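Quick notes on the structure that follows.
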Amino acid sequence: MAKNSIISKPLHRIILAGALGVAGWPVVGLCQDPPKPTIPDELVLDEHLREEYGVNQFTTPSIKKLFEELESFGSLPYEKLKRDIPNAPRDRSLVALSLGVLIADGFLTVNADEILDLRDVGGAILKHAKILGSGNGAIRHVKTILESSALDELDALKNELSRTQVDVEKEMVLLRDVDIAHLVGLGGWVRALQIGSHGSLDPYNPARAQKLIRTDLVEYFQNSLSELDPSIRDSENIKRISRRLDQVVEIIKAPAGPGGTLTVEQVKDLADKSDDLVKLSTREFKVQK
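Under the numbering used here, the residues of the sequence shown are numbered 278 to 566, in order.
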């Protein structure tokens, strides 16, 4: 079935799953395919918010929930973890990935109480959302983010960042562009992994490193990439992201430290891989000829 048909194959699966009361994947009993990786329950956005936005049948990991896990790390070295905000990429799939990274930047900024930096992040979020065709909702959320930042209302800021992700994903689903919607969540996770791995170093903290072992989440994203439309899946950036995810799984599936923790060398390797993933999610990779 062509991608531009009335109901594309990925969206057809989602509608079928929603009709059966299942969020995200078909029921195994109705087909012979093996079970596919699903989103860990603790990373699914609150049900009342999904109902408010009418996206119960489409679920991706909540960037807000990812950062709630990082909050257990305590204080993070913001000056080392913050990054320069690049221009929006030209490739649509990279715009979606980069948007997820930016939303994660917003959560990092709020958690560090560096509210003044939110203006640049908010402006970049708005530009990315407009490119994807989701400008109206983003304008509303970014306006609220800036207003809340002036009042230093941290919980309101987190809620608006979360609603930005949901609103953009909803718009993409309505536009029958489910592949793009999935990439927003991946971009947010990639940035969270970078922050978490670097935050577990200098000094090395085995308790923090233990929280990086999320094989279930990585496998979910690996499966999501494998089901992208070939026009997206075969791009150089996505192919390289897939290879990096394979390497991340190899690291976290074989913790070599005491009590099944990651060693400092493994965390450094994970940090390097996450640096590559963020670059590949925000800048177009061009093959040298």
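A virtual CB, placed ideally from N, CA and C, is assigned to each residue, including glycine.
The structure presented is a predicted model; accordingly, all values stated were derived computationally and were not measured.
Outcome for residue i when other beta-carbon atoms lying within 10 angstroms are tallied against a minimum of 16
| i | result |
| --- | --- |
| Asp456 | buried |
| His325 | Its pLDDT being 46, under 50, His325 is placed unreliably in this model, and the value from its coordinates should be taken loosely. Burial call: exposed. |
| Asn514 | buried |
| Gly537 | exposed |
| Gly383 | buried |
| Asp479 | exposed |
| Pro366 | buried |
| Asp454 | buried |
| Ala484 | exposed |
Residue i - DSSP class collapsed to helix/strand/coil
| i | result |
| --- | --- |
| Pro338 | strand |
| Thr492 | helix |
| Pro366 | coil |
| Asn388 | helix |
| Asn500 | helix |
| Asp506 | coil |
| Asp523 | helix |
| Ser352 | coil |
| Pro532 | coil |
| Glu430 | coil |
| Asp479 | coil |
| Phe562 | coil |
| Thr421 | helix |
| Ser538 | Note on residue identity: the sequence assigns Thr, not Ser, to residue 538. In this structure, Thr538 counts as coil in the three-state DSSP scheme. |
| Lys382 | This sequence places Asp at residue 382; Lys is not what is there. Note: Asp382 maps to helix in three-state DSSP. |
| Ala300 | For Ala300, the pLDDT reaches just 36, beneath the cut-off of 50, and the residue's location in the model is therefore unreliable, although a value from the coordinates is still provided. If DSSP states are grouped into helix, strand and coil, Ala300 belongs with coil. |
| Asp318 | Bear in mind that the predicted position of Asp318 carries a pLDDT of just 46, short of 50, making it too unreliable to give a figure here. |
| Ser512 | coil |
Test: residue i CB closer than 8 Å to a CB of chain D
| i | result |
| --- | --- |
| Ala486 | No chain D appears in the structure shown, which is made up of a single protein chain. |
Residues of its chain near residue i, where Cβ-Cβ distance is below 8 Å and the 5 sequence neighbours each way are ignored
| i | result |
| --- | --- |
| Gln387 | In the sequence as presented, Gln is not what sits at residue 387; that position holds Val. These residues qualify, in order along the chain: Leu395, Leu431, Leu434, Lys435 and Leu438. |
| Lys530 | Thr492 |
| Ser349 | Lys488 |
| Leu376 | Ile402, His405, Ala406, Leu409, Val445, Val461 and Gly464 |
| Leu470 | Leu489, Val525, Leu547, Ser551 and Leu554 |
Residue range of the alpha helix (DSSP H) that includes residue i
| i | result |
| --- | --- |
| Ser558 | Val541 to Thr559 |
| Ser474 | Val455 to Gly476 |
| Asp361 | That residue, Asp361, is in no alpha helix (DSSP H); it is neither H nor E in DSSP. |
| Gly400 | Leu395 to Leu409 |
| Ala486 | Pro483 to Gln487 |
Cβ shell of residue i (< 6 Å), same chain only, five flanking positions each side left out
| i | result |
| --- | --- |
| Ala533 | Thr540 |
| Ala548 | Ser474 and His475 |
| Pro535 | none |
| Ser519 | Leu502 |
Close beta carbons around residue i, own chain, < 7 Å, minus the five adjacent residues each side
| i | result |
| --- | --- |
| Gln524 | Lys550 |
| Leu343 | Leu320, Gly465, Trp466 and Ala469 |
| His418 | Glu437, Arg440, Thr441 and Asp444 |
| Ile380 | Ile340, Ile402, Leu438, Thr441, Gln442 and Gly465 |
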